[in-house]
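Inspection log for the structure reproduced underneath, given as structure tokens.
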Amino acid sequence: MQLEIRPDPAEVGRARRWARSRLVGSGIGDEEPLAETLILLVSELVTNAVVHTGCPAVLRLSLPGGASEPSIVRLEVADSSDRAPVPRCAGDEATGGRGLALVDGLADRWGWSVEGTGKRIWCELDRCATPAEVAVDRGGAAECAGVVECVGGVRKEPRPAYGGLAYGAV
124 MQLEIRPDPA
134 EVGRARRWAR
144 SRLVGSGIGD
154 EEPLAETLIL
164 LVSELVTNAV
174 VHTGCPAVLR
184 LSLPGGASEP
194 SIVRLEVADS
204 SDRAPVPRCA
214 GDEATGGRGL
224 ALVDGLADRW
234 GWSVEGTGKR
244 IWCELDRCAT
254 PAEVAVDRGG
264 AAECAGVVEC
274 VGGVRKEPRP
284 AYGGLAYGAV
């Protein structure tokens, strides 16, 4: 599913509302930490596309079919700018420049690739099986794909530093 984004900062709010409605429609509730994280990632990536390129963009979401099995939620924002995304080190007083650092810290994986004459920035979140059900199956320790601890249905582990075209790959 996708949403066309105009090069207007007001589109960021529209993108968040659209994504939230799609999450609810896929069984991911507003109260889930995964939903909050995904909406923040939508906000950051759409803001980057609108502010830094001044071009229209496309927001895409790939959502899992059910809540009972581990799955991957994928978010992509494509724009017509050929400039590579470059993580910045924002100063303490800066009001911007932290978007890709947030993506790196929150997403399980992220990266970018060329798409047509522009680029596509993507990120993925691992969605664990329903935490209460998994905790029973694993004797109280909720895990995602049997490897990583889960808190509230979202995978939790430290992320490696930036590097290459894909970041945070496990």
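If you're matching positions, the sequence shown starts at 124 in my numbering and goes up one per residue.
From the three backbone atoms N, C-alpha and C, an ideal C-beta is built for every residue, glycine too.
Cβ neighbours of residue i in the same chain (closer than 7 Å, five flanking residues each side left out)
| i | result |
| --- | --- |
| aspartate 260 | Note that aspartate 260 scores a pLDDT of 42, beneath 50, so its modelled location is shaky; the value from the coordinates is reported in the next line. Excluding sequence neighbours, aspartate 260 sits near nothing in its chain. |
| valine 241 | For the sequence presented, residue 241 should be read as glycine rather than valine. Contacts found: Ala201, Asp202, Ser203, Ser204 and Asp205. |
| serine 166 | Val135 and Arg139 |
| alanine 172 | Ile128, Ala180, Val200 and Asp202 |
| arginine 137 | none |
Residues that residue i bridges to, as DSSP identifies them
| i | result |
| --- | --- |
| cysteine 246 | Leu198 and Trp233 |
| alanine 180 | Ile128 and Asp202 |
| glutamate 238 | Gly241 |
| serine 185 | Arg197 |
Which listed residue (the options) has its alpha carbon closest to that of residue i
| i | options | result |
| --- | --- | --- |
| leucine 223 | Ala180, Ser194 and Leu168 | Leu168 |
| proline 208 | Glu216, Ser194 and Asp227 | Asp227 |
| arginine 243 | Val181, Arg250 and Cys251 | Val181 |
| aspartate 249 | Val237, Glu238, Ser236 and Arg232 | Arg232 |
| valine 174 | Cys212, Ala133 and Glu238 | Ala133 |
| cysteine 251 | Ser185, Ile195, Ser144 and Glu199 | Ile195 |
| threonine 164 | Arg137, Leu225, Ser144 and Cys212 | Rather than threonine, the amino acid found at residue 164 in this sequence is leucine. The candidate whose alpha carbon is nearest that of leucine 164 is Leu225. |
Proximal residues to residue i (C-beta, below 6 Å), its chain only, five neighbours per side dropped
| i | result |
| --- | --- |
| arginine 158 | The residue you asked about is not arginine; residue 158 is alanine in the sequence shown. Excluding sequence neighbours, alanine 158 sits near Leu146 and Ile151. |
| threonine 176 | Asp202 and Ser204 |
| glutamine 125 | Val181 and Arg183 |
| serine 185 | Arg197 |
| glutamate 256 | Legend: pLDDT at glutamate 256 = 42, less than 50; position of this residue unreliable, value from coordinates given subsequently. There are no such residues. |
CB-CB length for residue i against residue j, believed under 8 Å
| i | j | result |
| --- | --- | --- |
| leucine 229 | threonine 160 | 5 Å |
| isoleucine 162 | alanine 142 | 6 Å |
| glutamate 247 | arginine 197 | 5 Å |
| cysteine 178 | proline 210 | The Cβ separation is near 20 Å, so there is no contact. |
| proline 187 | serine 149 | 7 Å |
| tryptophan 245 | glutamate 216 | The Cβ separation is near 31 Å, so there is no contact. |
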